[in-house]
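Worksheet: one structure, shown below.
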Amino acid sequence: MTTDPQHPIGVFDSGIGGLSVLQALRKELPHERFVYLADQAHAPYGEKSGAFIGQRTHAIADYLLGQHHIKALVVACNTATAAAIHELRAQHPALPLVGVEPALKPALALSHTRHIGVMATRGTVCSDKFARLLGSVQDQAHFEVQACNGLALAIEQSTLPDQAEAAQAQITQLLQTYTQAMGRFGSESGQIDTLVLGCTHYVFVEKDLRQLLGPGVQLVSTGEPVARQTQRLLAAAEMLNPEKTDTAAQPMRLLTTGDLQGLQAAAQRWLGLPPEVCQAVPALLSNPAP
Ligand code: DGL
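Residue 290, in the working numbering, is where the sequence shown stops; the numbers in between run on with no holes.
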């Protein structure tokens, strides 16, 4: 691996969800270069086996290290972090590595009713890592945990022009179903006043959630803390880019194993990036189906 501070930071997710983390990273680290990989040919991860997600995570880390000479890696996916971050750390002990996990601790600091909702993929909520995290805070509040099958996929589909309308209808319906299943939301005693978005895709339906739950409910995501942690790690390793060129002028690469159009549409819509920065990498498509 490289320790050259001018090399890019790798960021990856099953799909477009990690763009919400990339957004925060670009803000926090305006002088850094980034290479983002969306494993859209294998998305969503949330309903696949831990072993499969582990294989994909290792293949992507090897690819980003080998082909793009990244100096650090941000796993911008709760599901992949839960399934594979330990092995990844063991395999690349010198690589600055940052994962994401549902923000239960920050939610504790915000909640007045001590009723906290958590939305995440099935893979995340069924993982040992999440069980340990929940176990460490469970005595301090009531946590209502909801696995949201289908939601990340609908968010992926909502960026494709020919599927957008049906996907948006699906998102509305899934959000209604899942929030209703969690209980009552609001700021009164016994109500859920804080909702953790435990999947990086869900940040892109924040507006829909706010409309559904009203202004009294706080939504907690992880992009900014992850960006700050990445900054701290690189500063401690003296690996921040010494060149002070602005984000807008930094070369940016967005790669996908899947549909290029979907990534281009999402990059344009959420990051204001032109289609030319996106590229398909079918070579990384080699995994067998889970
Ligand atoms: N965005 C990912 C996460 O944070 C994965 C969603 C999925 O692919 O199911 O968990």
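All residues carry an ideal CB built from backbone N, CA and C; glycine is no exception.
Same chain, Cβ closer than 8 Å to residue i, five either side skipped, listed in chain order
{"i": "isoleucine 192", "result": "Thr113, His115, Ile116, Gly117, Glu144, Met182, Gly183, Arg184, Phe185, Gly186 and Val217"}
{"i": "glutamine 40", "result": "Ser14, Gly15, Ile16, Glu156, Thr256, Thr257, Gly258, Asp259, Gly262 and Leu263"}
{"i": "glutamine 23", "result": "Gly223, Trp270 and Leu271"}
{"i": "glutamine 231", "result": "Glu28, Leu29 and Leu240"}
Nearest candidate by alpha-carbon position, reference residue i, set the options
{"i": "glutamate 32", "options": "Gln6, Phe204, Leu65 and Thr194", "result": "Gln6"}
{"i": "proline 44", "options": "Ala235, Tyr202 and Leu104", "result": "Tyr202"}
{"i": "glycine 50", "options": "Ala83, Asp62, Ile60 and Thr179", "result": "Ala83"}
{"i": "arginine 326", "options": "Lys27, Cys199, Glu165 and Leu175", "result": "No answer is possible for residue 326: the residues shown for the chain start at 1 and end at 290."}
{"i": "glutamine 170", "options": "Val98, Asp208, Glu47 and Thr3", "result": "Asp208"}
{"i": "alanine 167", "options": "Pro215, Leu174 and Ala154", "result": "Ala154"}
{"i": "lysine 48", "options": "Val100, Gly150 and Lys71", "result": "Gly150"}
{"i": "proline 161", "options": "Lys129, Gln268 and His69", "result": "Gln268"}
{"i": "arginine 228", "options": "His92, Arg26 and Leu19", "result": "Arg26"}
{"i": "alanine 80", "options": "His58, His142 and Pro93", "result": "His58"}
{"i": "glutamine 146", "options": "Met119, Thr124, Gln140 and Leu134", "result": "Met119"}
{"i": "leucine 73", "options": "Lys105, Leu175, Cys126 and Val226", "result": "Val226"}
{"i": "isoleucine 9", "options": "Gly46, Ala61 and Arg56", "result": "Ala61"}
{"i": "proline 96", "options": "Ala131, Leu234, Lys244 and Glu28", "result": "Leu234"}
{"i": "threonine 3", "options": "Ala152, Gln91 and Lys71", "result": "Lys71"}
{"i": "serine 20", "options": "Ser127, Glu206, Gln180 and Glu188", "result": "Glu206"}
{"i": "lysine 105", "options": "Val98, Asp128, His92 and Arg132", "result": "Arg132"}
{"i": "histidine 326", "options": "Tyr36, Glu28, Leu29 and Gly46", "result": "Residue 326 lies beyond the range of the chain shown here (1 to 290); nothing can be said about it."}
Under the three-state DSSP convention, the category residue i falls into
{"i": "aspartate 162", "result": "coil"}
{"i": "glutamine 138", "result": "coil"}
{"i": "aspartate 13", "result": "strand"}
{"i": "alanine 289", "result": "Only weak support is given to the placement of alanine 289: the predicted model assigns it a pLDDT of 49, under 50, and the value that follows is read from those uncertain coordinates. Note: alanine 289 maps to coil in three-state DSSP."}
{"i": "methionine 1", "result": "coil"}
{"i": "glycine 123", "result": "helix"}
{"i": "histidine 7", "result": "coil"}
{"i": "histidine 86", "result": "helix"}
{"i": "valine 100", "result": "coil"}
{"i": "glutamate 32", "result": "coil"}
{"i": "alanine 109", "result": "helix"}
{"i": "alanine 167", "result": "helix"}
{"i": "alanine 147", "result": "strand"}
Sequence-distant residues of its chain with Cβ nearer than 6 Å to residue i (five each side left out)
{"i": "glutamine 264", "result": "Pro275 and Cys278"}
{"i": "asparagine 241", "result": "Pro5, Gln6, His31 and Glu32"}
{"i": "leucine 213", "result": "Phe185"}
Inter-residue CB distance, residue i and residue j (contact presumed, cutoff 8 Å)
{"i": "threonine 172", "j": "alanine 266", "result": "About 19 Å separates the two Cβ atoms, so there is no contact after all."}
{"i": "leucine 254", "j": "leucine 273", "result": "7 Å"}
Contacts around residue i, its chain only, beta-carbon distance under 7 Å, and the 5 residues preceding and following it disregarded
{"i": "glutamate 87", "result": "Gly54"}
{"i": "leucine 65", "result": "Met1"}
{"i": "leucine 110", "result": "Thr194, Gln218 and Val220"}
Neighbour flag for residue i against chain B, beta carbons, 8 Å
{"i": "glycine 223", "result": "Although the question refers to chain B, the structure presented lacks it and comprises just one protein chain."}
What are the uninterrupted segments assigned as alpha helix (DSSP H) that are 4 or more residues long and contained completely in the segment 38–79, given in chain order? Listed in chain order, the complete alpha helix (DSSP H) runs (minimum 4 residues) inside the segment 38–79 are 50–68.
Counting only runs of 4+ residues fully inside the segment 184–220, write out the alpha helix (DSSP H) ranges in chain order. Taking 4 residues as the minimum length, the alpha helix (DSSP H) runs contained wholly in the segment 184–220 are 206–213, in order along the chain.
Let me know the beta strand (DSSP E) ranges lying completely inside the segment 219–289, each 3 residues or longer, listed in chain order. Here the runs fully enclosed are 252–256 and 278–280.
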